[in-house]
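Remarks on the structure that follows.
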Amino acid sequence: MLRNVALKSLRDIRRGFLWWSLGLIGFVSLIVSVYPTVHSNPGLNKLAQDYPEALQAFIAFGGAVDYSSAAGYLGIELFSLMVPLLLLVAAIGTGAGAIAGEEERGTLELLLANPVSRTRVVLEKAVALGLELAGLGLVLWLALWVGSVATGMDISVGHLAAATLSAVLLALAYGAIAILLGAATGRRALAIGVTAAAGVAAYLVNGLAPLVHALKVPQKLSPFYHYAAGDPLRHGISAGHLSVLLAVAVAALALAPVFFARRDLST
Amino acid sequence: MAEVVRAEQLTKNYGQNRGIAGVDFTVEAGEVFGFLGPNGAGKTTTIRLLLDLIRPTSGMLSVFGLDSRRESVAIRRRLGYLPGDLRLYERMTGDELLRFFGHLRGVSDSSRAQELAARLDLDLDRRIKELSRGNRQKVGLVQAFMHDPDLLVLDEPTSGLDPLVQETFYELVAEVTTRGGTVFLSSHVLSEVQHVADRVGLIREGRLELVDTVDNLRGRAFTTVEATFAEPPAPDAFAGLAGVRLLDRHGDVIRFGLEGEIDPLLKALARFHVKALDVHEADLEDVFLARYRGEEPDAA
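Those protein sequences? They're chains A and B, same order as listed.
All residue numbers for the first sequence refer to the numbering used here, where the first residue is 1 and numbers rise by one.
All residue numbers for the second sequence refer to the numbering used here, where the first residue is 1 and numbers rise by one.
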């Protein structure tokens, strides 16, 4: 695990990864275990469908609000908010720590005394972020799979994987933005704050767009729109929407070394 | 001798009163160059420019004939660095940290690192966060020396080291130059630089005020001789002696300044009843103190 910067960075977050995994497993178990009760109670579905349109837009994931199907239930309870929230928190934390965190702790000075370019350090840190999120995605997917089988959910493993992949790519996009801001400024708190604020704004734009006509166009710029719009729990992978998320991540990671290479390291 | 480092009109502006301005110097292969100055004078700024951690505002800086900015990775391959403000990965053990940096340098054999750690009496199995300041500094020294670099850049290397370990450090520095390596060493402690350096550069308020060999600087300073007489000699008893100046006299104690050999003075003293004689070899401190007081304005 000490062969290169990417593996060493993964090693640094191994404890955190364990806790995030346990948290995800626990949360998924809780939600999935309630499904049989909800499923057998048609009144709840009726109640949800009577919610104001504004609320429905926020609680649904991709398609319509529907407590009666496994896809609808998991969308509302997990994928509309909690799963992306958890993965984004993990991704932004890792991303902001990648350059800015090491810089503030002062360890970047000695790391960069080695014959590694700044570009390579940024990209290896990005690889570590990608592997971390892939690992969390795998844990999430396995927990959903086991849970869905245990509670007899009528949903395919492939669709669970598609939704998970969507969430992982959304988190990767924001993690990459956090890397970019951290690499450009060297300030971890700034990278976390600005990225998180951008995430909240994008979430609100996407959620409010069905009600506010003026947001119809900006909605298409929101990563949260592309995260959910393909309705992956019902329809599987939507390559078009996912490639937008991937493009955001790639663009941020392409810019990060450019800004990082130009500036002085802070003491 | 080949140039290892060359700085021409090197300038780095930060805000007000910081950074360096118009610094010119070269470091030759095989020498120990002592970079001396009070804290905040610009030593660390110059060193961080060498490592490409910060970028010059203007001027030229090359290491091994390579551009300090564009070819920094190639430079760092042949360079070992000990920062003045050493920050290590707290959760790693010394061994893990050294293996990690070894891999980044393409060196998987850790025997040299182990050997250095043993000489410095450093336990590599403990986590960095459990180490004292002195032991952290040893980890810093090992990672700087372990790949036998052509150039060592050491910022205040002996801070936190006890005197015994300092001696080991001086041995390590001597071994580097013996095998043809070069050492660039900063310090605010004169006696330390004087101990190891072949040449010294004095930086103050961002300007390099003086660069000279330690031998020359020593030669530039007077040796002072203090003689205590049984009876005060006549006022003109020591007039006209070559290279001897009478600095001051208090009753039967006279202080002389010597520019050359001590022999003429000794012969002259032999005519009197001398109760005590104290010869004080000049050290760099005297030169620099004289310079700071402006007593030797043409020294550079």
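For every residue, glycine included, the Cβ atom is placed at its ideal position computed from N, Cα and C.
When DSSP builds the beta bridges, which residues end up paired with Asp212/B?
In the DSSP output, where bridge partners are listed per residue, Asp212/B has Val200/B.
Can you list, in chain order, the residues of its chain with a C-beta nearer than 6 Å to that of Met1/A? Leave out the 5 residues immediately preceding and following it.
Taken in chain order, the residues that qualify are Leu7, Arg11.
Since Tyr81/B is in the beta strand (DSSP E), which residue starts that stretch and which ends it?
Run containing Tyr81/B: 79-82, per the beta strand (DSSP E) assignment.
Using a Cβ cut-off of 8 Å (strictly closer), state whether Glu96/B contacts chain A.
Yes - at least one Cβ of chain A is within 8 Å of the one on Glu96/B.
Do Lys267/B and Thr228/B come within 8 Å of each other at the CB atom, strictly closer than that value?
Contact flag unset, no.
Under 7 Å between beta-carbons, which chain B residues line up against Leu2/A? List them in chain order, please.
In chain order: Glu96, Arg99, Phe100, His103.
Is the separation between the beta-carbon of Ala181/A and that of Thr195/A shorter than 8 Å?
Sequence inspection shows Leu at residue 181/A; the Ala mentioned does not correspond to that position. Taking 8 Å as the Cβ cut-off, Leu181/A and Thr195/A qualify as a contacting pair.
Report the neighbours of Asp85/B on chain A: residues whose CB is nearer than 9 Å to its CB, in chain order.
What Asp85/B touches in chain A: Gly106, Glu109, Thr267.
Can you confirm whether Ile54/B, when its beta carbon is compared against all beta carbons of chain A, has any partner nearer than 8 Å?
Answer yes: the Cβ-Cβ gap between Ile54/B and chain A drops below 8 Å somewhere.
Which value, in whole angstroms, describes the spacing of the CA atoms of Glu295/B and Gly80/B?
Reliability fails at Glu295/B, whose pLDDT of 47 lies under 50, so the model's placement of it is uncertain and the value that follows must be treated cautiously. Going from the Cα of Glu295/B to the Cα of Gly80/B covers about 38 Å.
Assign Leu233/A to one of two classes, buried (16 or more other C-beta atoms within 10 Å of its C-beta) or exposed (fewer than that).
With 16 or more other Cβ atoms within 10 Å, it is buried.
Measuring straight from C-alpha to C-alpha, what distance separates Arg179/B and Val196/B?
Their Cα atoms are separated by approximately 16 Å.
Do Arg255/B and Gly34/B have their C-beta atoms closer together than 8 Å?
Taking 8 Å as the Cβ cut-off, Arg255/B and Gly34/B do not qualify as a contacting pair.
What I want to know is whether the C-beta of Val28/A ends up closer than 7 Å to one or more non-hydrogen atoms of the ligand GTP.
This structure lacks the ligand GTP; in fact it carries no ligand of any kind.
So the candidates are Asn206/A, Leu160/A, Leu112/A, Glu132/A; which of them puts its Cα closest to the Cα of Leu78/A?
Of Asn206/A, Leu160/A, Leu112/A, Glu132/A, the residue nearest in Cα terms is Leu160/A.
Using only CA atoms, which one of Gln137/B, Arg99/B, Arg119/B, Arg126/B lies nearest to Leu86/B?
Comparing Cα-Cα distances from Leu86/B to each of Gln137/B, Arg99/B, Arg119/B, Arg126/B, the minimum goes to Gln137/B.
Between the region 137-160 of chain B and chain A, which residues of the former have CB atoms less than 7 Å from a CB of the latter, in chain order?
Per Cβ criterion, the list is empty.
Looking at C-beta atoms only, is the number of pairs between the region 65-82 of chain A and the region 37-50 of chain A that lie closer than 8 Å three or more?
Judged by Cβ distances under 8 Å, the region 65-82 of chain A makes contact with the region 37-50 of chain A, as three or more pairs qualify.
So is His273/B buried or exposed if we call it buried at 16+ other beta carbons inside 10 Å?
With fewer than 16 other Cβ atoms within 10 Å, it is exposed.
If we ignore side chains and look at the alpha-carbon of each, how far apart do Ala150/A and Ala126/A end up?
Their Cα atoms are separated by approximately 36 Å.
What residues are listed by DSSP as bridge partners for Met60/B?
Paired residue(s): Glu8/B.
What's the gap between the Cα of Val107/B and the Cα of Asn114/A?
Roughly 12 Å between the two C-alpha positions.
Just to make sure I have the definition right: I need the residues of chain B whose C-beta is within less than 8 Å of the C-beta of Lys8/A. Which are they?
Here the neighbours are Phe100.
For Val122/A and Leu131/B, I'd like the C-alpha separation in whole angstroms.
Rounded to the nearest angstrom, the two C-alpha atoms are 29 Å apart.
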